[in-house]
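Heads up: the protein sequence lines correspond to chains E and V, in order.
According to the working numbering, the first sequence holds residues 3 to 338 in order.
According to the working numbering, the second sequence holds residues 2 to 299 in order.
Below is one structure, written out as structure tokens; the observations come after it.
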Amino acid sequence: MLRFVLHRLGLVIPTFVGITLLTFAMIRLVPGDPIELLAGERGVSPERHAELRAQYGFDQPLLVQYWDYISGVLTGDLGKSIVTKQPVLDEFFTLFPATLELSTCAIILAVLIGVPVGIIAAVRRGSIFDHVSMGTALTGFSMPIFWWALLLIILFSGILGWTPVSGRISLLYFFEPVTGFMLIDSLLSGQEGAFTSALRHLILPTVVLSTVPLAVIARQTRSAMLEVLGEDYVRTARAKGLPPRRVIGVHALRNALIPVITVIGLQVGVLFSGTVLTESIFSWPGIGKWLLDSIARRDYPSVQGGILLIATTVIVINLLVDLVYGLVNPRIRHHR
Amino acid sequence: MSTTVNTTAQAPPGPLREFWLYFRENRGAVAGLIVFVLVCLMALFADMIAPHSPTQQYREAFLQPPFWAEGGSSRFLLGTDAVGRDILSRLIYGSRYSLIIGTIVVSLSLTVGIALGLIAGYVRGSTETLIMRAMDMMLAFPSLLLAVVIVAILGPGLFNAMLAISIVYLPHLVRLTRAAAITELGKDYVTASRVSGAGTLRLMIITVLPNCMAPLIVQSTLSFSSAILDAAALGFLGMGAQPPTPEWGTMLAEAREFVLRAWWVVTFPGLAILVTVLALNLLGDGLRDALDPRLKRQ
């Protein structure tokens with residue numbers, strides 16, 4: 003197992019170095035002079051320009067600049083936002099819980115519905131349930147989620163008036179963040195109605211964000227289950243006279259879930275892409291919206307730091323999924 | 002294991018015919034194909050079908066509802082937007098953009114992806130490591146996010162959006178091509194060709210590549226639909242096609258502020274995206290089933 007872990011870690015390091023190279027190159031690829039970009043529309047005098055160039059190290063050779071950048075990154079210094087003058091790392095971690103809460107709820111919803119639907123569709127292959135659920139899954143997979151969000155707003159916020167349109171909680175409530183998860187914090191605050199308010203704000207964004215992962219998970223569970231149900235050992239289990247519930251729930255499901263775990267892990271990237279759209283539509287104060295706003299304000303240090311942190315998060319989660327995968331599936335662990 | 006006895010052996014069906022025999026079994030895929038052909042025809046004959054110009058503003062008809070709703074008229078079948086443009090005509094012209102986006106993104110990423118994948122699979126060694134590491138790196142960035150950042154660097158616009166999406170799709174195509182090429186390169190027919198004195202280029206492009214096409218065709222169809230979705234998303238975020246281009250995502254972005262007042266401005270462009278993408282995904286599923294020899298035997 004240790005060898006397996008070390009092997010996976012060894013693969014992660016070059017990827018991480020490559021990502022820092024990309025984000026390092028990014029700000030230098032933006033057309034125009036970086037100092038003038040940093041200075042904004044007011045511009046700077048030639049003396050101040052030279053001074054700033056020296057301050058940011060742009061007068062150094064590229065290799066030195068990269069060295070400075072990566073030593074900064076490794077010590078947690080990702081530069082300061084041009085707009086707010088706050089360290090990028092602080093801004094990221096202030097907003098990250100909002101994104102984490104939304105994504106966690108979305109993936110839980112997707113797994114809770116997607117896995118059972120996939121299992122039932124596979125067990126009753128060719129039934130009406132199979133056709134309808136897989137048709138719905140393909141529709142969900144093809145859904146432009148930004149449009150889906152607008153439709154849900156029209157129905158649930160506009161016509162029915164059940165849910166709010168934007169934000170994480172009603173302005174009536176205020177409390178200091180403890181965990182950063184609004185659902186938990188609102189409960190901890192003890193204020194009446196705060197939890198319901200947080201929940202009502204969370205529902206639509208969660209549904210929107212979970213749509214694509216839900217469709218993918220349902221489809222993947224169905225095909226993994228179908229593959230496993232055709233295996234000899236399942237036939238043996240049936241022939242032994244085990245009840246169908248046990249054959250499906252214990253013998254088949256355990257092996258069918260292995261590819262499903264990978265797919266769930268792969269959805270992390272999809273979720274981050276989705277948060278950009280979902281957060282911007284529901285004015286959800288998370289990383290996706292922050293990144294879009296930073297791009298609109300040409301706040302390049304924030305964009306640079308933000309995508310580095312997101313890419314790192316994706317790598318770490320994929321690594322964890324890989325390790326879990328190795329844990330549940332000995333065949334992978336002993337492969338190399 | 003057929004029980005019927007034929008007195009004369011039938012000639013096996015040709016590859017195209019065999020493909021069609023499998024493909025037409027899948028009703029969803031055939032429906033997808035029909036819808037996709039209709040969208041193509043709509044794009045091709047937009048000038049003839051569209052009742053109005055996509056940019057003409059009718060000042061007497063702002064936000065007019067569709068013809069069946071109260072206040073609608075048969076002049077504007079699907080109603081008008083906030084500046085009085087006919088939505089139906091804009092949707093019809095918009096199909097051109099979606100198809101162009103899909104075509105360009107797929108051709109760009111397919112060309113570069115196949116080239117890099119073949120090189121990685123053929124040359125191996127450090128070149129392969131370099132290419133595959135670079136692709137892994139790109140996969141660490143969520144695709145839409147990477148596209149957004151590339152557009153932020155290049156500047157907003159339809160062409161840059163297409164370029165960004167093509168770059169984002171590269172890793173999948175490179176991996177697929179490499180994997181297929183490595184499998185094929187180990188087979189006897191390649192060795193035979195090599196022994197006969199085929200050069201590197203001939204081996205790669207004429208001998209190996211055609212045998213790697215099945216997964217690439219499927220992936221291209223799926224990339225085509227994803228490209229339409231992603232370009233619409235970029236348009237929606239104001240980073241793709243710019244107004245007044247009747248691109249479907251851009252139309253949605255313009256309609257966003259009327260979401261609670263005029264449902265039709267929001268509903269129809271999204272429906273157009275959904276139907277086109279769904280048709281392509283059905284088509285892709287059908288192609289995979291028809292082209293995948295593993296599934297055929299079942």
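The beta carbon of each residue, even a glycine, is placed where N, CA and C say it ideally should be.
A quick note: this is a predicted structure, and the numbers were derived from the prediction, not measured.
Does DSSP put Lys82/E in a helix, a strand or coil?
In this structure, Lys82/E counts as strand in the three-state DSSP scheme.
Span of the alpha helix (DSSP H) around Lys291/E
Per DSSP, the unbroken alpha helix (DSSP H) holding Lys291/E starts and ends at Ile289 to Ala298.
Just the C-alpha distance for Gly192/E and Asp92/E, rounded to the nearest angstrom, thanks.
So the two alpha carbons sit approximately 28 Å from each other.
Assign His253/E to buried or exposed, taking buried as 16 or more other Cβ atoms, counted over all protein chains shown, within 10 Å of its Cβ.
With 16 or more other Cβ atoms within 10 Å, it is buried.
Just grab the DSSP bridge partners of Asp87/V for me.
Partner(s): Thr81/V.
Is there a C-beta anywhere in chain V that falls below 8 Å from the one on Gly192/E?
No, Gly192/E lies away from the interface with chain V (no Cβ there is under 8 Å from its Cβ).
When the Cβ atoms of the region 176-188 of chain V are set against those of the region 55-74 of chain E, are three or more pairs found closer than 8 Å?
They do not touch, by the three-pair rule.
Check whether the region 297-312 of chain E touches the region 76-89 of chain E, counting contact only when three or more Cβ pairs, one atom from each stretch, lie closer than 8 Å.
Yes, since at least three Cβ pairs between the region 297-312 of chain E and the region 76-89 of chain E fall closer than 8 Å, the two stretches touch.
Please decide whether Val218/E counts as near chain V, where near means a Cβ-Cβ distance under 8 Å.
When Cβ-Cβ separations below 8 Å define contact, Val218/E makes no contact with chain V.
Residue from Gly142/E, Tyr327/E, Ala241/E and Gly308/E with nearest C-alpha to Leu279/V
In terms of Cα proximity to Leu279/V, the closest of Gly142/E, Tyr327/E, Ala241/E and Gly308/E is Gly142/E.
Please go through the same chain and pick out, in chain order, the residues whose beta-carbon is closer than 6 Å to the beta-carbon of Trp69/V, but skip the five residues on each side of it.
Contacts found: none.
Between the alpha carbons of Ile309/E and Ile115/E, how many angstroms are there, rounded?
Taking the straight line from one Cα to the other gives about 31 Å.
Are the CB atoms of Thr277/V and Ser99/V nearer to each other than 8 Å?
Their beta carbons are under 8 Å apart, which means Thr277/V touches Ser99/V by this criterion.
In whole angstroms, give me the CA-to-CA distance for Pro14/V and Leu22/V.
Distance between the alpha carbons of Pro14/V and Leu22/V is about 9 Å.
Same chain only: Cβ atoms within 7 Å of Arg298/V, ignoring 5 sequence neighbours per side
Only weak support exists for where Arg298/V lies, its pLDDT of 43 falling under 50; the value from the coordinates is given anyway. Excluding sequence neighbours, Arg298/V sits near nothing in its chain.
Could you tell me whether the region 93-112 of chain E touches the region 203-214 of chain E, using the rule of 3 or more Cβ pairs below 8 Å?
Yes, they touch.
Alpha carbons only, please: which of Ile283/E, Arg256/E and Ile130/E is nearest the one belonging to Glu258/V?
Comparing Cα positions, the closest option is Ile283/E.
Note down the Cα distance separating Ile50/V from Arg91/V, rounded to an integer number of angstroms.
A straight-line Cα-Cα distance of about 11 Å links Ile50/V and Arg91/V.
Just to confirm, does Val175/V get its C-beta within under 7 Å of one of the non-hydrogen atoms of the ligand MG?
Only the bare structure without any ligand can be found here, which leaves the ligand MG out of the picture.
When you compare the CB of Leu325/E with every CB in chain V, is at least one pair closer than 8 Å?
Taking Cβ atoms only, chain V never reaches closer than 8 Å to Leu325/E, which makes this a no.
If we call anything under 8 Å between Cβ atoms a contact, is Phe24/V one with Gly287/V?
Yes, they are a contact pair.
Buried/exposed call for Ile207/V, threshold 16 Cβ in 10 Å
Looking at its Cβ environment, which holds fewer than 16 other Cβ atoms inside 10 Å, Ile207/V is exposed.
Between the Cα of Gly239/V and the Cα atoms of Ala215/V, Ala162/V and Pro270/V, which residue gives the shortest distance?
Nearest of Ala215/V, Ala162/V and Pro270/V to Gly239/V, Cα basis: Ala162/V.
Cβ neighbour criterion (16 or more within 10 Å) applied to Val124/V
Val124/V should be labelled exposed.
In chain E, what lies closer than 9 Å to Gly118/V by C-beta?
The CB of Gly118/V never comes closer than 9 Å to any CB in chain E; the least such distance is about 19 Å.
I need the boundaries of the alpha helix (DSSP H) containing Phe98/E, first residue and last residue.
Its alpha helix (DSSP H) spans residues Val90 to Val125.
Contiguous alpha helix (DSSP H) assignments of at least 4 residues, all confined to the region 159-224 of chain E
Within the region 159-224 of chain E, the complete alpha helix (DSSP H) runs of at least 4 residues are 184-191.
Where Ser144/V falls, given that 16 or more other Cβ within 10 Å makes a residue buried:
Under this definition Ser144/V is a buried residue.
Nearest-angstrom Cα separation, counted from Gly198/V out to Ala32/V:
Near 47 Å, if we compare the C-alpha coordinates of Gly198/V and Ala32/V.
Which two residues bound the contiguous alpha helix (DSSP H) that contains Arg134/V?
Boundaries of the alpha helix (DSSP H) harbouring Arg134/V: Gly126 to Leu140, taken from the DSSP string.
If we call anything under 8 Å between Cβ atoms a contact, is Arg127/E one with Leu8/E?
The beta carbons of Arg127/E and Leu8/E sit no closer together than 8 Å.
Check each residue of the region 185-205 of chain V: if its Cβ is closer than 9 Å to any Cβ of chain E, include it; give the result in chain order.
From the region 185-205 of chain V, no residue has a Cβ closer than 9 Å to chain E.
Beta-carbon neighbours of Asp87/V, restricted to chain E and to distances below 8 Å
Neighbours of Asp87/V across chain E, judged by C-beta separation under 8 Å, do not exist; the nearest C-beta is about 20 Å away.
Taking only three categories from DSSP, how would you classify Leu228/E?
Leu228/E: helix per DSSP, three-state reduction.
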